[in-house]
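Notes for the one structure printed next.
There are 2 protein chains.
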Amino acid sequence: MADTVSPITEACPIVEVLDHVAGKWSIGILVAAAHGPVRFTELEREVEGISRRMLTLTLRKLERDGLLVRTVYPTVPPRVEYTLTGIARELVQTLVGLTSWAEKHRGTIAAARRAYDTQRTPAGV
Amino acid sequence: MADTVSPITEACPIVEVLDHVAGKWSIGILVAAAHGPVRFTELEREVEGISRRMLTLTLRKLERDGLLVRTVYPTVPPRVEYTLTGIARELVQTLVGLTSWAEKHRGTIAAARRAYDTQRTPAGV
DNA sequence: CAGCATCCCGCGGGATACTG
DNA sequence: CAGTATCCCGCGGGATGCTG
Numbered sequence: 000m001a002d003t004v005s006p007i008t009e010a011c012p013i014v015e016v017l018d019h020v021a022g023k024w025s026i027g028i029l030v031a032a033a034h035g036p037v038r039f040t041e042l043e044r045e046v047e048g049i050s051r052r053m054l055t056l057t058l059r060k061l062e063r064d065g066l067l068v069r070t071v072y073p074t075v076p077p078r079v080e081y082t083l084t085g086i087a088r089e090l091v092q093t094l095v096g097l098t099s100w101a102e103k104h105r106g107t108i109a110a111a112r113r114a115y116d117t118q119r120t121p122a123g124v
Numbered sequence: 000m001a002d003t004v005s006p007i008t009e010a011c012p013i014v015e016v017l018d019h020v021a022g023k024w025s026i027g028i029l030v031a032a033a034h035g036p037v038r039f040t041e042l043e044r045e046v047e048g049i050s051r052r053m054l055t056l057t058l059r060k061l062e063r064d065g066l067l068v069r070t071v072y073p074t075v076p077p078r079v080e081y082t083l084t085g086i087a088r089e090l091v092q093t094l095v096g097l098t099s100w101a102e103k104h105r106g107t108i109a110a111a112r113r114a115y116d117t118q119r120t121p122a123g124v
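The listed protein sequences correspond, in order, to chains A and B.
Position one of the first sequence corresponds to residue 0 (numbering that gives the first Met the number 0), numbered consecutively onward.
Position one of the second sequence corresponds to residue 0 (numbering that gives the first Met the number 0), numbered consecutively onward.
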């Protein structure tokens, strides 16, 4: 997404954000991890539908971006905890704005879609 | 992205937002169209790197979601203008928060990445 | 428990060519 | 000018199985 550097992507670092947050599961994980240190299996349960593979990959990505801290307790069986960093917490805060927008307009958008679809399919195709 | 309805996606309409805004070009187009009614070819130039195909597809999607209004002037040659709707304008406003976050922390994130990569590649692999 | 490795498939999206 | 249509490929991500 940030491969081609265009004037717009330069002026618009939103693209960068989306890169960190992209993928089907990043945000879900961030939100799920927001309520405190959380273990791998906890996340696997809370972020419903995620596969073990994608959980691992996404956690690594978030850790690499400095959004998550991974703490390993060398016990048997192993215990690993993930914690949001400060900037990740800020990010989650910021996402609340988006949430509000979505909640506020979800009805409007749904209606717009139906209108559009009805218009484009007048007869019962 | 919103196919499987999980407890989290229910409680977290961010997923919905991202669905409207998903894709490589949606946000770029919204931003480019924010400065007033804009024509197809204008967008093609301003959103650098976009193909005609993806421009069309993304415009249709945004129109369907009620984020963009498409106005056709039946002249020769044809003239088509795209305008942000109110909710799209609100959305763009909201995205500013994300922008700020990105600008504020881009350095930190870049550093985190380098640290992570260095750690995982100690010798000169 | 918390992973990593492998196989596999769908679809987002690029390149290209044609049209009202 | 503003699209549509077709072909094609990479990669995000699901399923499954193995390990320290």
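C-beta: ideal position from N, C-alpha, C; glycine also.
Distance check for Ala21 (chain B) and Ile49 (chain A), CA to CA, integer angstroms please.
19 angstroms
Drop a sphere of 10 angstroms on the beta-carbon of Ala31 (chain B), count the other beta-carbons inside from all chains shown, and report buried for 16 or more, exposed for fewer.
buried
I want to check one thing, is the minimum distance from the CB of Thr98 (chain A) to the heavy atoms of the ligand PLP below 7 angstroms?
Within the structure as shown, the ligand PLP is missing, as the structure has no ligands at all.
Please state whether DSSP places Glu80 (chain B) in a helix, a strand or coil.
strand
Give the DSSP-derived three-state secondary structure of Val176 (chain B) in the structure shown.
Since the displayed chain B opens at 0 and closes at 124, residue 176 (chain B) lies outside it and no answer follows.
Let me see if you follow: with CB-CB separation under 8 angstroms, is Arg88 (chain B) close to chain A or not?
no
Could you name the residues of the same chain whose beta carbon sits closer than 7 angstroms to that of Ala87 (chain A), not counting the 5 residues immediately before and after it, in chain order?
Leu29, Leu66, Leu67
So what's Val37 (chain A) in DSSP terms, helix, strand or just coil?
strand
If you follow the beta strand (DSSP E) that Leu67 (chain B) is part of, which residue opens it and which one closes it?
67 to 72
Would Tyr115 (chain A) count as contacting chain B if we go by Cβ distances under 8 angstroms?
yes
Kindly say whether His104 (chain B), judged by its beta-carbon, lies nearer than 8 angstroms to any beta-carbon of chain A.
yes
Identify each residue in the region 32 to 47 of chain A for which the Cβ-Cβ distance to at least one residue of chain B is less than 7 angstroms, and report them in chain order.
Glu45, Val46, Glu47
8 angstroms contact criterion, which Leu83 (chain A) and Ile26 (chain A) should meet: CB distance rounded
No, Leu83 (chain A) and Ile26 (chain A) are not in contact; Cβ-Cβ is about 12 angstroms, not under 8 angstroms.
Exposed or buried, Glu102 (chain A), counting other C-beta atoms within 10 Å across all chains shown (16 or more means buried)?
exposed
For Val79 (chain A), which residues from the same chain have a beta carbon less than 6 angstroms from its beta carbon, with the 5 sequence-adjacent residues on both sides left out?
Phe39, Val71
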